[in-house]
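In our numbering, the protein residues as written are 90 to 379.
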């Protein structure tokens, strides 16, 4: 059997082990130390009821969490070894302090609601090998508009997310909140829960796989930050919008965008922009549900 190689295979399986972020041509791991991640993140308070409505069965915002939050995090990944030095952009949406009751004892961490990516190859590899809920979107590099630092997400010209940050100012890296504990879960610290789902071929409503996975965080290990910036304006001056559109405008994304738009965003808790040294292949993500 081709699976006796102990390496990752994906369709079409007849061509042998597949190119992957998690294995090079020789089937070994890549060296990610020279990769670079530009992170832009903003955290908002959200309503518990609206957030729970977006979680699958067996997941809920931890009842002991006083205030549910959601992190919207853009990553501009550069100099990736598995792409021979190329890069791409992502925009992840993470529910903080989610409790997975599908396993015993329950696991509490961030839950990845959706991860938009600007490039097909990491979407395919990440969905098949990791079970991450990846979707395509056009995610251009950030730009400066009217003095604001701007990120956008769109599909065939229809913009559905926009983040505008005024007065972005670089500060000493020691001031980054990544070095400090927070009252809400940050994916890179406490880990990320995902739900892997694979529909059964020719059987609508049935699945070949449906189970929880968990990718541990870095814990107390500190990130290697090259640069850090934040806004010198009040956090309330940050402009962030999620815009619903008729299905004809977003035929493959309308349900996701409508769901995100249903979140009642409250107080902004935190904003950061930083450049981290190194990245990883997310290979620590493991199935936790039997």
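Just so it is clear, CB atoms sit at the ideal spot from N, CA and C, and this is done for glycine as well.
Remember, it's a predicted structure, so these values are computed and weren't measured experimentally.
Secondary structure at residue 260: strand, using DSSP grouped into helix, strand and coil. Contact annotation: residue 241 and residue 206 have beta-carbon atoms that are not nearer than 8 Å. The shortest C-alpha to C-alpha distance from residue 246 to any of 104, 334 and 102 is the one to 334. Ranked by how close their Cα comes to the Cα of residue 284, the residues 148, 165, 153 and 325 have 148 in first place. Under a 10 Å Cβ-count criterion, residue 233 is classified as exposed, with fewer than 16 other Cβ atoms of the shown protein chains found around its own Cβ. Between residue 123 and residue 168, the CB-CB gap stays under 8 Å. The C-beta of residue 346 has 16 or more other C-beta atoms within 10 Å across all chains shown, which makes the residue buried. The C-beta distance from residue 252 to residue 329 rounds to 5 Å, short enough to meet the 8 Å contact threshold.
Secondary structure at residue 184: strand, using DSSP grouped into helix, strand and coil. Residue 138 counts as exposed, since fewer than 16 other C-beta atoms from the protein chains shown sit within 10 angstroms of its C-beta. Remark: C-beta atoms of residue 370 and residue 119 approach each other more closely than 8 Å.
For the pair residue 134 and residue 184, the Cα-to-Cα distance works out to about 10 Å. In this structure the region 214-230 does not touch the region 189-198; the number of beta carbon pairs closer than 8 Å is below three.
Three or more Cβ pairs drawn from the region 313-322 and the region 355-368 lie within less than 8 Å of each other, which places the two stretches in contact.
In the DSSP annotation of this structure, the continuous segment of the beta strand (DSSP E) that includes residue 301 starts and ends at 296-304. Taken through DSSP and simplified to helix, strand or coil, residue 366 comes out as strand. Counting only runs that start and end inside the region 211-285, the beta strand (DSSP E) elements of at least 3 residues fall at 223-225, 232-234, 237-244, 247-255 and 257-260.
Burial state of residue 337 is exposed, judged by a 10 Å Cβ sphere holding fewer than 16 other Cβ atoms. For residue 92, the three-state secondary structure derived from DSSP is helix.
An exposed status is given to residue 310, since fewer than 16 other beta-carbon atoms sit within 10 Å of its beta-carbon.
Taken in chain order, the whole beta strand (DSSP E) runs of length 3 or more contained in the region 111-146 are 125-134. By the CB criterion at 8 Å, residue 140 and residue 163 fall outside the cutoff.
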